[in-house]
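Below: the structure, in structure tokens.
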Amino acid sequence: MDKVVSSAAEAVADIGDKASLAVGGFGLSGVPEVLIQALHDAGVTDLEVMSNNCGVDQLGLGRLLMDKRVARVVASYVGENKEFARQYLSGELELELTPQGTLAERLRAGGSGIPAFYTATGTGTQVAEGGLPWRYDAEGNVIKASPPKETRTFTNADGNEQEFVLETALTPDFGLVRAWKGDRHGNLIYRESSRNFNPLAAMAGRVTIAEVEELVEPGDLDPDSIHTPGVFVQRVVALTPEQAADKPIEKRTVRPRGGDPGDKIEKEGDV
Numbered sequence: 001m002d003k004v005v006s007s008a009a010e011a012v013a014d015i016g017d018k019a020s021l022a023v024g025g026f027g028l029s030g031v032p033e034v035l036i037q038a039l040h041d042a043g044v045t046d047l048e049v050m051s052n053n054c055g056v057d058q059l060g061l062g063r064l065l066m067d068k069r070v071a072r073v074v075a076s077y078v079g080e081n082k083e084f085a086r087q088y089l090s091g092e093l094e095l096e097l098t099p100q101g102t103l104a105e106r107l108r109a110g111g112s113g114i115p116a117f118y119t120a121t122g123t124g125t126q127v128a129e130g131g132l133p134w135r136y137d138a139e140g141n142v143i144k145a146s147p148p149k150e151t152r153t154f155t156n157a158d159g160n161e162q163e164f165v166l167e168t169a170l171t172p173d174f175g176l177v178r179a180w181k182g183d184r185h186g187n188l189i190y191r192e193s194s195r196n197f198n199p200l201a202a203m204a205g206r207v208t209i210a211e212v213e214e215l216v217e218p219g220d221l222d223p224d225s226i227h228t229p230g231v232f233v234q235r236v237v238a239l240t241p242e243q244a245a246d247k248p249i250e251k252r253t254v255r256p257r258g259g260d261p262g263d264k265i266e267k268e269g270d271v
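Position 165 (the sequence shown) corresponds to 165 in UniProt numbering; numbering is contiguous.
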């Protein structure tokens, strides 16, 4: 039952080339930075990543992108990462853009044993009809596009007929997540906004690895506060205090010192 491993390197040692990964986080909040760095150090490549976004240049999954270790991404957001956009538009990276709520549900469905589900999101668009560019060539021509998806009409909650599109579940080889607290059995608690995609990535991965900022003993966590039960987690990595405190900020916005709430908020770099 003790799922704690001695290091992040040991935890990711069996993740090989061409593996598929569900990675928690949103922007840079709740991103498993230590596991990503260990994966980078291991030298694996041609990875398929399923995550809300790919971090920013040199941070989060951006570490892997910068060295061209990622071959395919399933995500809902490309912004804030210039290298991500460059690789996609130049034909170096395949991207399956997915509506954010649909991505979340595809991960949750994968962890729940649900192979597919119908949703209204994307009906009447290229999400359902096909044709979204998945891969370009070096000249900017689309060489691979999304296929059309099955649609079906159901009666909605208002009693009216509505079209829905069939979306398939995601069941990656591994899930990488970061938790605020975790015990030796793999029960996890996430703190505030860092909860984001982490519970979903933990559910979806066939083998899930969690880095935890604070490791506690079994029984120390309030059962009603646990977000991810240990049944979904196979390995736990306890972070050092320095690793736990290292939490980069994607965008910092501040008010002038001594200002009131009505003052203009300035972006970092303007201050």
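For each residue, glycine too, the CB sits at the ideal point set by N, CA and C.
message: Tell me the rounded alpha-carbon separation between T240 and E213.
response: 7 Å
query: Straight-line CA distance for K3 to L215?
result: 11 Å
Terminal residues of the alpha helix (DSSP H) in which M203 lies: N198 to A204
field: Among S20, T168 and K144, the one whose alpha carbon lies nearest that of R108
entry: T168
Helix, strand or coil at D46 [DSSP, three-state]: coil
field: Where the alpha helix (DSSP H) through K181 begins and ends
entry: Unbroken run through K181 is the beta strand (DSSP E), F174 to D183; no alpha helix (DSSP H).
query: Looking only at its own chain, which residues have a Cβ that is under 8 Å from the Cβ of A116, when we skip the five neighbours before and after it?
result: A109, L166, E167, T168 and A169
message: What does the alpha-carbon distance come out to for the pair P147 and P218?
response: 47 Å
query: According to the Cβ coordinates, are V23 and M66 closer than 9 Å?
result: no
query: What is the rounded straight-line gap between the Cα of T228 and the Cα of R184?
result: 13 Å
- request: Can you tell me which of E161, L39, Q100 and I15 puts its alpha carbon nearest to the alpha carbon of G27?
  value: Q100
- prompt: Which class does L61 belong to by DSSP, given the choice of helix, strand or coil?
  reply: coil
- request: Throw me the rounded Cβ distance for the G182 and A201 pair, which I believe falls under 8 Å.
  value: The Cβ separation is near 14 Å, so there is no contact.
query: Whose C-alpha, out of D46, W180, T123 and E33, is nearest the C-alpha of T153?
result: T123
- request: Look up Q162 in the DSSP assignment and give the residues it is bridged to.
  value: F154
message: Rounding to the nearest angstrom, what Cα-Cα distance links T253 and A104 in this structure?
response: 28 Å
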